[in-house]
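Student: Here it is, the structure, as structure tokens.
4 protein chains.
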Amino acid sequence: MNTPVPDYLADLLRNCKAAHGGELADYIPELASADPTKLAVALTTLDGVIYSAGDDEHEFSIQSISKAFTYAYVIEELGLQRVMRKVGVEPSGEAFNEISLDKTDEQQIKPKNPMINSGAITVHSLIPKAEKSCRAETVRLFFSKLAGRELAFDQEIFHSEKETAFRNLSIGYSLRNFNILESDPVEIVESYVKQCAINVTVKDLVNMMSVLVNDGILPRTGERILSHKTVRQVLTVMTTCGMYNAAGDWLANVGIPAKSGVSGGIIGVLPGQVGLAVFSPKLDRYGNSVRGIDIMQQMSRDMGLHLLEGVPSSRVIINDHDVKQIKPEVIVYKLQGVLQFTEAERLLRKLQDEKQCNHTIVFDLSHISLVNDVGRRMLLDGIDRLRADGHDVALIDPEHIIPDAKTDRDFEPKIYEDLEQIPD
Amino acid sequence: MNTPVPDYLADLLRNCKAAHGGELADYIPELASADPTKLAVALTTLDGVIYSAGDDEHEFSIQSISKAFTYAYVIEELGLQRVMRKVGVEPSGEAFNEISLDKTDEQQIKPKNPMINSGAITVHSLIPKAEKSCRAETVRLFFSKLAGRELAFDQEIFHSEKETAFRNLSIGYSLRNFNILESDPVEIVESYVKQCAINVTVKDLVNMMSVLVNDGILPRTGERILSHKTVRQVLTVMTTCGMYNAAGDWLANVGIPAKSGVSGGIIGVLPGQVGLAVFSPKLDRYGNSVRGIDIMQQMSRDMGLHLLEGVPSSRVIINDHDVKQIKPEVIVYKLQGVLQFTEAERLLRKLQDEKQCNHTIVFDLSHISLVNDVGRRMLLDGIDRLRADGHDVALIDPEHIIPDAKTDRDFEPKIYEDLEQIPD
Amino acid sequence: MNTPVPDYLADLLRNCKAAHGGELADYIPELASADPTKLAVALTTLDGVIYSAGDDEHEFSIQSISKAFTYAYVIEELGLQRVMRKVGVEPSGEAFNEISLDKTDEQQIKPKNPMINSGAITVHSLIPKAEKSCRAETVRLFFSKLAGRELAFDQEIFHSEKETAFRNLSIGYSLRNFNILESDPVEIVESYVKQCAINVTVKDLVNMMSVLVNDGILPRTGERILSHKTVRQVLTVMTTCGMYNAAGDWLANVGIPAKSGVSGGIIGVLPGQVGLAVFSPKLDRYGNSVRGIDIMQQMSRDMGLHLLEGVPSSRVIINDHDVKQIKPEVIVYKLQGVLQFTEAERLLRKLQDEKQCNHTIVFDLSHISLVNDVGRRMLLDGIDRLRADGHDVALIDPEHIIPDAKTDRDFEPKIYEDLEQIPD
Amino acid sequence: MNTPVPDYLADLLRNCKAAHGGELADYIPELASADPTKLAVALTTLDGVIYSAGDDEHEFSIQSISKAFTYAYVIEELGLQRVMRKVGVEPSGEAFNEISLDKTDEQQIKPKNPMINSGAITVHSLIPKAEKSCRAETVRLFFSKLAGRELAFDQEIFHSEKETAFRNLSIGYSLRNFNILESDPVEIVESYVKQCAINVTVKDLVNMMSVLVNDGILPRTGERILSHKTVRQVLTVMTTCGMYNAAGDWLANVGIPAKSGVSGGIIGVLPGQVGLAVFSPKLDRYGNSVRGIDIMQQMSRDMGLHLLEGVPSSRVIINDHDVKQIKPEVIVYKLQGVLQFTEAERLLRKLQDEKQCNHTIVFDLSHISLVNDVGRRMLLDGIDRLRADGHDVALIDPEHIIPDAKTDRDFEPKIYEDLEQIPD
């Protein structure tokens, strides 16, 4: 059989093609001459499998979508604290090309967030300068690594935008005036414009996004590119500032941290689940792709992807029929799913309520898919408490999901491979 | 044994008591005379179990925290569309007592969101008016129902605020001027001030929040109070507008949809997981409780609660050792965890890759904790595809987790209680 | 013969009647039902003679024009300093119904000027409260005194505006919140609305304005109503803030300190020269009478009335043929026009250049129309200097235009009635 | 004798030297190193006589004072209409280095006025470009012509400002973005910065201003440099926009159209009377010279110079003792002073009231210093009306102050040189 995902994506485009309206970006001649019929969608899973449909080989300039990835790069290189000194994380409530400086901190005036132009130009200026190449080249190499292929600059777009980058140059000089930029704004703005002119396809975009979906590890190679903290920071600003002038509306209706670009692309990330990219050049009055928004909304609805849907997976950690007394003095709790605070709390509460009188309690962790730090600590704390009540405790943990199993009171529970190993 | 959660909460307060700084709210004499040493925290689990520590019986006026619950009430009563015509969902980027009208929609000027005063007063005005009581009384009854006990107005706070509600009266008349309020603003503002004067404890707050944690169903009674859509809307505005002037910063650092009040309370909700409430009267310059923020941050870190942490629970739907050929022509896939898009995609991809040649494929759903709509549809679609490849398909589903199991092609797979039922 | 001024005014209306466009004020039903064909103009000379044409007996509510006169009243009662603490004098650059608070002075937030509603309401609140009547009654009595007849409130307009004064009530509560208003804003706003509902004709308006034209003295009675300083202050704010949103444009094109009202009136004052009033109910989008502006522009052009035209009258203080040696040792300078700094400087320069060798110098002041303080001081200083050079000096001053003629060096020049009195 | 004006100016500086406070401009190193003790004042009369005191030979860069003169130059070259399409005349209510664009006219976004940097840069860009020199050179030549000597650029100031002109470059690119600037903003801003670096003394400034005082004619040469309309426009924007952030306050207290510069100069013009310039480098927080303001206020008070003082010179056109019946059928009205609307109205009213029965009426104009257009028209209209009543009318007008004396009804009154010429 074949997985139905490609069919689903193709259906999505077919049903959407009807969506009319919107205008091509007109402030750059090259964008104004884009083919308005182009339409593409792509999706990456957590483990980096890519699905796509439509004009998925069509290249377009990445434009503002680049802001999210350059922000990630710079945080990784300089540390979050240094970047936060230069650019804030607050929604601006203004158009993307307003300078929107945050002046609440008298020590340091700074752009409100990295998703508006003033913030993105500042972020670009923070890229450590290589000796023989410009910052845009550093960006291109980074994006290429994420995309898994050599990306190139669209020279026509670059030169066209450079000639008319008056607004960005105005912003650049204003940033220089406040010493937010620390060197020649013309050079920085030109390099920033070049960053925006990197050509991508929707497949490139989802390949790039897979590192955000997968908590910083590029699934294709297994290499950690971004720290957990960096990923969370990037997703945060995509949540509140990614879609211009309509952060609240987008979060309410689509609920996916996102970023759009003026060439017609939109990306969306649901951490731990999927990354989405769409492309269609006609824009609404805010500069977002009309059909792109339509498709993203549809996917959010269809796939139940919404940041605030809740995390229902954690509802069950243990079923009653999974508590089994296998021997007179041994009771086994077969746990399943994930072990986070919510599940650990429920497990320990069950133990508290049931007041087992069996001497030995065994936790079977072989069906646990994931344990986070608080889950691990609570389980070990529970073991100490059970021992204080007079119980012995052991684990079945064939995959060493609790690697360094030692409690605060220095007790190390016995660990078995499976039920059969438990001695009589 | 006893669950360690109470000890954890007590520790949290002990470690925080050192946090100095902040000032009592001074614009109302009654708030200015609050006891600054009071400190309390409470937590509700998804199933409505309450933990608390510190001054958890101390009553204080609910103030702006009421905004979230009244918003929920009004959406439920009038429908989201009617409420959205009156109040938007965008971050305001301004202080809570700025009127912050959104004028982008020329048809209808409206407050930017329901978490600022102008929006909350408008929301209050939408409460259907009972014949013999004021709107504040409707609110009090609703809050009491959520809290599980009879809440009361703090008459001193109410009268004190009413006398000095100049700013809110100014806002009220301005809203009346734009016809956002449709009747006497003095009456509405007074009733709104009364809403803010309802007394609660942190335990009341988490009881009230359990309905938001649990997707609209009050866990204590099992009654559905709010629709799924209402809960999502409330959580959305709490995410982007709950903490004044610092939405982005809060989301980056704490990552929990929240709401604070000027009497010193803060609530935070992670849907499907926990609800948190803290209380400490001293405020920072934005009007948020200083120690409250400190404790919320600590809990977010300790418990791994962050909206953008990702949903790692879904990583495993099927282990290799859970695929078992139990008979020459029958293979069983034992699934576990939740079945959403991500997991369904992975399952169907596995089937595609493995190209089973066994005639009959059985999906064992007895360890699945939850299936959402897209998971169900993808599974059924996969079944049709497997049948098109010549397979027979059956389910083990003792708890009828796929209730109406019929595919688009009208095939109804056989359903067994357990493995033993499968005939040779 | 008859003076041509009435014919001129009648012509003006005839030629203007063609001016179309504009809308009746619609925010109050009573104003919306005004007769749009009404058209009137009136003019007062410096000495209080009134000319008028058109519907000059038609009464209309004074509305915002009242702001200028109440401001004058309050400065006169409380002193400029106390009023300046509450209301500034800066152009607001915003609509008249914006609150436009000036926050540059951290000590005292205050409305930017008295010509916007927030400023005018604050000014109204400063009227000393009489025991048995409201502030509006104090205003009515003051306006009646200026107008020379008993003015009355338009009760329908008053009640209609009071019912819909939401915007002003909003402003009032905001002013109360900042303690700019110091008592109940509802009472103040209602009284302010009543002030705006005083009925006047264009003839009443120019009668009222004659006190501003004539430097504070009511020409009809000769009574000093306002100090010189008060008049200058009122004219200053009329210059920069009288015509909403278009102060610069108005000053450039019309050049007359002015104030308009929403019922369709406009007044204009050129100090020392004329006062003008026009009435026509249809308004442009800024709230100024369309035909009123047209007529004011025409009058400014026709009559050469422009604040920045310069003061050409002073060009000649002395003609060469007016210096006459009447006796061998006596030379007479016949001066004419006014004697201010400019003229005095020119006279003294002439004396310096000419180095008269005649013993006695006589200044004939009988053709001088006016001497201001600096002119007087410079003339007396010049007399001392001439005496130091060895001259004797005398004055011909039949009307005692230099009342207390004594120099710094205690010299008192002889004063003659006419040339004939000069002894040989 | 010597005129007391130089002594007065010297006294003024002596009394002011005590004024402390203020800071040197610090944004350019060259300005920060200015000698803070320098103090100078100069004055020009209507006919171009210059008085000065203090460091009146000390050169400083003209800075923003140049804005007024360049504005005059550009209006003269292009016509007011073309300039108004690019730059407005409204007060900005914002700091001088805010861009302050006026967006009320959707057709053309433009800087609010020519006295803020964005407006001044735009005005500079309108200077017609000479083939072989930059716009700043055109300005330098124009300023030199007005000053009556060859002015030079301060190269150090120019280069220093050019290096740090980030704010102006930001403004320049923003203006370019809106197509308000139509060519390379870097070139325009550099040339504008050079304009600001022209060195002047206070004597140069008053020489330059004499053309504004004298209605466009340079008194030194008698050459008309600016039209009447241009002068009025420049004075208008100096009135409302010349002193940053404090237009209303300045107009109320000093009442002289003015412009200040960051190097410490302030100029003030009272049309038809005087031009003033002061220099002292220490600035208040708005960027105005502290001692400069002090001296300007003092001069305004001492000399009775205030735009809104009224024009008292016109009070007398005819004295009762100047109406003389010289023959049985001939009455002579000896007029004096100026003949504008106010005086003409009074003369005609007198004639109306007196109902002369003498056949012939003679107006003696030999003591009239000036007749404006409306005065002339009203006098001729009065003559027609007197003739309609049966009178004959003649003029004594030795200087042909009424050049083309013919009434609307084609009557040409007889004109005599003096009384003696009148036949019996």
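Chains as they are written, first to last, in our numbering: chain E, 139 to 562; chain Z, 139 to 562; chain R, 139 to 562; chain D, 139 to 562.
All C-beta atoms in this analysis are idealised placements derived from N, C-alpha and C, irrespective of residue type, glycine included.
Every value quoted in this text rests on a predicted model; they were computed, and no experiment measured them.
(1) What does the alpha-carbon distance come out to for the pair M222 (chain E) and R487 (chain Z)?
(2) Going by C-alpha distance, which of D:A268, D:I553, D:A170 and D:T183 is nearest G406 (chain D)?
(3) Strictly below 9 Å CB to CB, what residues from chain D border G520 (chain R)?
(4) Consider the Cβ of N255 (chain E): report whether some Cβ of chain D lies at a distance smaller than 8 Å.
(5) Quick one: is D194 (chain E) near chain Z, going by C-beta distance under 8 Å?
(6) Taking the alpha carbon of L524 (chain R) as the reference point, which residue from R:H505, R:T498 and R:G513 has its own alpha carbon closest?
(7) Just to make sure I have the definition right: I need the residues of chain D whose C-beta is within less than 8 Å of the C-beta of M516 (chain R). Which are they?
(8) Under three-state DSSP, which class holds I464 (chain E)?
(9) Using 10 angstroms around the beta-carbon of T368 (chain D), count the other beta-carbons present and answer buried if the total reaches 16, otherwise exposed.
(10) Between which residues of its own chain and E555 (chain R) is the CB-CB distance below 6 Å, once the five residues before and five after are set aside?
(11) Does any residue of chain D have a CB that is nearer than 8 Å to the CB of L489 (chain R)?
(12) So which residues on chain R does D511 (chain D) lean against when the C-beta distance must stay under 8 Å?
(13) With a cut-off of 8 Å, does the C-beta of L503 (chain D) fall near any C-beta of chain R?
(14) Considering only their Cβ atoms, is the gap separating A274 (chain E) from S329 (chain E) smaller than 8 Å?
(15) From L169 (chain Z) to L343 (chain Z), what distance separates their C-alpha atoms?
(16) Taking S438 (chain Z) as part of the alpha helix (DSSP H), name the residues at either end of that continuous run.
(17) Under 6 Å Cβ to Cβ from V470 (chain R), same chain only, skipping five residues before and after it: list those, please.
(18) Just mark P266 (chain R) as buried or exposed, buried being the case when its beta carbon has 16 or more other beta carbons within 10 Å.
(19) Round the Cβ separation of P229 (chain D) and A258 (chain R) to the nearest angstrom and send it over; I've been treating them as touching at under 8 Å.
(20) What does the alpha-carbon distance come out to for the pair D292 (chain R) and V428 (chain R)?
(21) Whose Cβ in chain E lies nearer than 7 Å to the Cβ of L307 (chain D)?
(22) Which residues, in order along the region 468–482 of chain Z, keep a beta-carbon less than 7 Å from a beta-carbon of chain E?
(23) Is there at least one Cβ from chain E nearer than 8 Å to R314 (chain D)'s Cβ?
(24) Check for me: the beta strand (DSSP E) holding D556 (chain Z) runs from which residue to which?
(25) At a Cβ threshold of 8 Å, is Q371 (chain Z) touching chain E?
(26) Tell me, to the nearest whole angstrom, how far the beta carbon of K224 (chain Z) is from that of I318 (chain Z); I am working on the premise that it is less than 8 Å.
(27) Going along the chain, which unbroken runs of the beta strand (DSSP E) with 3 or more residues stay wholly within the region 189–243 of chain R?
(28) If contact means a Cβ-Cβ distance below 7 Å, which residues of the region 278–291 of chain Z contact chain R?
(29) Looking only at its own chain, which residues have a Cβ that is under 8 Å from the Cβ of G528 (chain Z), when we skip the five neighbours before and after it?
(30) For G425 (chain Z), which of Z:A415, Z:N345, Z:A210 and Z:I404 has the nearest alpha-carbon?
(31) Can you tell me which of the three DSSP states P249 (chain Z) falls into?
(32) What residues in its chain sit with their C-beta under 8 Å from that of S552 (chain R), if we drop five residues either side in the sequence?
(33) The ligand PLP heavy atoms versus the CB of P466 (chain Z): any closer than 7 Å?
(34) Are the Cβ atoms of Q371 (chain Z) and L489 (chain Z) separated by less than 8 Å?
(35) DSSP on I521 (chain D), reduced to helix/strand/coil?
(36) So, is Y146 (chain Z) buried or exposed, given that buried needs 16 or more other C-beta atoms within 10 angstroms?
Tutor: According to the structure data:
(1) The residue you call residue 222 (chain E) lines up with position 84 of the first sequence. The residue you call residue 487 (chain Z) lines up with position 349 of the second sequence. Between the alpha carbons of M222 (chain E) and R487 (chain Z) lies a distance of about 41 Å.
(2) Counting from 1 along the fourth sequence, the entry for residue 406 (chain D) is found at position 268. Taking only the C-alpha atoms, the option nearest G406 (chain D) is D:T183.
(3) Counted from its first residue, the third sequence places residue 520 (chain R) at position 382. What G520 (chain R) touches in chain D: M139, T141 and P142.
(4) What you label residue 255 (chain E) is simply residue 117 of the first sequence in a count that begins at 1. It does not; no Cβ of chain D falls within 8 Å.
(5) For the purposes of this step, residue 194 (chain E) is taken as the residue at position 56 of the first sequence. D194 (chain E) is outside the set of residues whose beta carbon lies under 8 Å from a beta carbon in chain Z.
(6) As a working mapping, residue 524 (chain R) is identified with position 386 in the third sequence. L524 (chain R) has its Cα closest to that of R:T498, out of R:H505, R:T498 and R:G513.
(7) The count along the third sequence starts at 1 and reaches residue 516 (chain R) at position 378. Going along chain D in sequence order, the residues near M516 (chain R) (Cβ under 8 Å) are P142.
(8) As a first step, residue 464 (chain E) must be located in the first sequence, where it is residue number 326. Correct three-state label for I464 (chain E): strand.
(9) Taking the first residue of the fourth sequence as position 1, residue 368 (chain D) is located at position 230. T368 (chain D) should be labelled buried.
(10) In the third sequence, the residue the question calls residue 555 (chain R) occupies position 417. Scanning its chain for C-beta atoms nearer than 6 Å, with the 5 sequence neighbours on each side dropped, one finds around E555 (chain R) the residues P536, in chain order.
(11) Numbered from 1 along the third sequence, position 351 holds the residue referred to as residue 489 (chain R). Output row for L489 (chain R): interface = yes.
(12) On the fourth sequence, residue 511 (chain D) is found 373 positions in, with the first residue counted as 1. Contact of D511 (chain D) with chain R by beta-carbon distance below 8 Å involves G442.
(13) Here residue 503 (chain D) corresponds to residue number 365 of the fourth sequence, with the count starting at 1. The beta carbon of L503 (chain D) does not come within 8 Å of any beta carbon belonging to chain R, so the residue lies off that interface.
(14) As a working note, residue 329 (chain E) is residue 191 in the first sequence. As a working note, residue 274 (chain E) is residue 136 in the first sequence. Yes, Cβ-Cβ distance for S329 (chain E) and A274 (chain E) is below 8 Å.
(15) The sequence position of residue 169 (chain Z) within the second sequence is 31, counting from 1. The sequence position of residue 343 (chain Z) within the second sequence is 205, counting from 1. Roughly 19 Å between the two C-alpha positions.
(16) In the second sequence, the residue the question calls residue 438 (chain Z) occupies position 300. Run containing S438 (chain Z): V428 to M441, per the alpha helix (DSSP H) assignment.
(17) Along the third sequence, read from residue 1 onward, the residue named residue 470 (chain R) stands at position 332. Closer than 6 Å at the Cβ level, and outside the excluded window around V470 (chain R), lie K462, I464, V500 and D502.
(18) Residue numbering aside, residue 266 (chain R) sits at position 128 when the third sequence is read from its first letter. The C-beta of P266 (chain R) has fewer than 16 other C-beta atoms within 10 Å across all chains shown, which makes the residue exposed.
(19) The residue labelled residue 229 (chain D) in the question sits at position 91 within the fourth sequence. The residue labelled residue 258 (chain R) in the question sits at position 120 within the third sequence. Rounded, the Cβ-Cβ distance is 19 Å, inconsistent with contact.
(20) Here residue 292 (chain R) refers to the residue found at position 154 when the third sequence is read from its first residue. Here residue 428 (chain R) refers to the residue found at position 290 when the third sequence is read from its first residue. D292 (chain R) and V428 (chain R) have their C-alpha atoms spaced approximately 24 Å apart.
(21) Along the fourth sequence, read from residue 1 onward, the residue named residue 307 (chain D) stands at position 169. For L307 (chain D), the residues of chain E that pass the 7 Å Cβ criterion are Y311, in the order they occur in the chain.
(22) Of all residues in the region 468–482 of chain Z, Q474, G475, V476, Q478, F479 and T480 have a Cβ within less than 7 Å of some Cβ in chain E.
(23) Position 176 of the fourth sequence, counting from 1, holds the residue named residue 314 (chain D). Yes, its Cβ sits closer than 8 Å to a Cβ of chain E.
(24) On the second sequence, residue 556 (chain Z) is found 418 positions in, with the first residue counted as 1. Segment: none, D556 (chain Z) is in no beta strand (DSSP E) and carries neither H nor E.
(25) What you label residue 371 (chain Z) is simply residue 233 of the second sequence in a count that begins at 1. Judged by the 8 Å Cβ criterion, Q371 (chain Z) is in contact with chain E.
(26) Taking the first residue of the second sequence as position 1, residue 224 (chain Z) is located at position 86. Taking the first residue of the second sequence as position 1, residue 318 (chain Z) is located at position 180. 6 Å between Cβ atoms; contact.
(27) For secondary structure counted as the beta strand (DSSP E) over 3 or more consecutive residues, the region 189–243 of chain R holds no complete run.
(28) Those would be none; no residue qualifies.
(29) Here residue 528 (chain Z) refers to the residue found at position 390 when the second sequence is read from its first residue. Excluding sequence neighbours, G528 (chain Z) sits near H497.
(30) Indexing the second sequence from 1 puts residue 425 (chain Z) at position 287. Residue Z:I404 holds the alpha-carbon nearest to the alpha-carbon of G425 (chain Z) among Z:A415, Z:N345, Z:A210 and Z:I404.
(31) Translated into positions along the second sequence, residue 249 (chain Z) becomes position 111. Strand.
(32) Residue numbering aside, residue 552 (chain R) sits at position 414 when the third sequence is read from its first letter. Reading off the sequence, residue 552 (chain R) comes out as Lys, not Ser. Same-chain partners within the cutoff: A532 and L533.
(33) Questions concerning the ligand PLP fall outside what the structure shown contains, since it holds no ligand whatsoever.
(34) Position 233 of the second sequence holds residue 371 (chain Z). Position 351 of the second sequence holds residue 489 (chain Z). No. Outside cutoff.
(35) To locate residue 521 (chain D), count along the fourth sequence from 1; it is residue 383. It is helical.
(36) Position 8 of the second sequence, counting from 1, holds the residue named residue 146 (chain Z). Y146 (chain Z) comes out buried.
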